[in-house]
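A short write-up of the structure that comes next.
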Amino acid sequence: MLTLIAAVLTQVSAQTSQLATLLHDGNLSIFYGAGALKDAHEAAVAGDVITLSAGQFNACTLTKPVTIRGAGMGLTESDNFAVPTVLTGDFSITIPEDAEHYLVLEGIQHNTSIQISNVYNPQFIKCILGKLSIIGNSTMKDAKFIHCDIRNQISASNNITFSSTNSHIVIGSFSTSYLTANYQNCIIETPSTLYHSLLNNCIIKGLGSSTSIKLNGNCTPFYCVWYGAGVKQPFPYETAKGTNTRLDHENVFKEGTFYELTDEIKALKTSDGTQVGIYGGNMPFEQTTTVPQISKFSVAPKTSADGKLSIDIEVEGIKQ
634 MLTLIAAVLT QVSAQTSQLA TLLHDGNLSI FYGAGALKDA HEAAVAGDVI TLSAGQFNAC
694 TLTKPVTIRG AGMGLTESDN FAVPTVLTGD FSITIPEDAE HYLVLEGIQH NTSIQISNVY
754 NPQFIKCILG KLSIIGNSTM KDAKFIHCDI RNQISASNNI TFSSTNSHIV IGSFSTSYLT
814 ANYQNCIIET PSTLYHSLLN NCIIKGLGSS TSIKLNGNCT PFYCVWYGAG VKQPFPYETA
874 KGTNTRLDHE NVFKEGTFYE LTDEIKALKT SDGTQVGIYG GNMPFEQTTT VPQISKFSVA
934 PKTSADGKLS IDIEVEGIKQ
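According to this note's numbering, the residues represented by the sequence shown are 634 to 953, in order.
Quick look at the structure:
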């Protein structure tokens, strides 16, 4: 456990329950309240790190390639970080391409809609996300989703390329030329045919009642499982590799768990001897963030004679 003591000029109430820190060139700035993310983002430059405490923060338009870290997505309660960092309200991402920096979101829960105008090489790590819409002639290029839960869908009317690792992801309808994706140990739900995808040790669910959903011939499935709606043989004969399985039932996951497999499905053959889905491979799903988190902070009840306010911040490190 690392404890930081900061003395800063402020006019904020000591009852504030949300806190954001901004790290720039080794200097730490502190912001308070529901608008703390917006304030920190306005003060940030490319490459800076914004760390949010647990609690609810107003979302804001992201226009800079910065790192934004929360206390966790709050998928399930744990001993240390039962309260997640939640961004409230729809927001947009419009970030010009930068040769040195890129956007990183980690340990964040957001349940509504994100509109993406343009973003390059973003990373979404251990986040719950609602709907991601790539709008108009915009693009999302080389995005990475790692240990994420995308609950609504990703949809696009223009180019989108991404990789998804040990994540649950709902895919919307795409034109055949708009999507290039690489899925590793993912759970994918789709209401339509998937195109231009590499899929390794994945579980795919056809949504709705359509009997025409499948993997297009430009997809390469490798030891995958399909269930739910879809054609009788959803795997393209020419490109399928390994053992791919079409199930006629939907008893795939243990009830009351976050996509943990039944023993029957866990025993299916895979490319690496682990299991299909998010708990297999060399990066099994884990919701705990990979970086230190603001686990607790307290604010002195009043300022000192010279107008400074004492802040006690506890930062929880990674357990080895």
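Where a beta carbon is used, it is the ideal one built from N, C-alpha and C, also for glycine.
According to DSSP, is residue i part of a helix, a strand, or is it coil?
i: Leu670; result: helix
i: Ala679; result: coil
i: Pro824; result: coil
i: Ser662; result: strand
i: Leu685; result: strand
i: His657; result: strand
i: Pro917; result: coil
i: Thr700; result: strand
i: Ile911; result: coil
i: Thr922; result: coil
i: Tyr870; result: coil
i: Ala640; result: Here the model assigns Ala640 a pLDDT of 33, short of 50, so the residue's position is not dependable, and the following value carries that caveat. Looking at Ala640 - three-state DSSP - the assignment turns out to be strand.
i: Lys838; result: strand
i: Ala647; result: Confidence is the limiting factor: at Ala647 the pLDDT is only 40, short of 50, which leaves the residue's position unreliable and the question unanswerable from this model.
Going by DSSP, which residues form a beta bridge with residue i?
i: Asn884; result: Answer by DSSP bridge pairing: none, since Asn884 is not bridged.
i: Asp896; result: Answer is none; Asp896 lacks a bridge partner.
i: Phe891; result: None; Phe891 has no bridge partner.
i: Thr721; result: Asn691
i: Ser830; result: Ala814
i: Pro729; result: None, per the DSSP bridge assignment.
i: Ser843; result: DSSP lists no partner for Ser843.
i: Asn877; result: According to DSSP, which records beta bridges pairwise, Asn877 is partnered with nothing at all.
Would you mind sorting residue i into buried or exposed? The rule is 16 or more other CB atoms within 10 Å of its CB.
i: Glu888; result: exposed
i: Gln866; result: exposed
i: Glu733; result: exposed
i: Thr700; result: buried
i: Ala900; result: exposed
i: Tyr870; result: exposed
i: Gly659; result: exposed
For this session: Could you tell me whether the stretch 879 to 894 touches the stretch 839 to 851, where touching means 3 or more Cβ pairs closer than 8 Å?
Result: Note that the stretch 879 to 894 does not touch the stretch 839 to 851; fewer than 3 beta-carbon pairs, one per stretch, sit closer than 8 Å.
Exercise. For the stretch 906 to 917 against the stretch 766 to 777, are there 3 or more C-beta pairs whose distance is under 8 Å?
Worked result: In this structure the stretch 906 to 917 does not touch the stretch 766 to 777; the number of beta carbon pairs closer than 8 Å is below three.
For this session: Go through the stretch 738 to 796 residue by residue and report every complete run of the beta strand (DSSP E) that reaches 3 residues or more, in order.
Result: The qualifying runs are 746 to 753, 756 to 758, 761 to 779, 782 to 789.
Exercise. Is the stretch 813 to 831 close to the stretch 788 to 805, with three or more CB pairs under 8 Å?
Worked result: Short answer: they touch.
Exercise. Can at least three beta-carbon pairs, one atom from the stretch 724 to 731 and one from the stretch 777 to 786, be found at a separation below 8 Å?
Worked result: No: the two stretches stay apart, fewer than three of their Cβ pairs being nearer than 8 Å.
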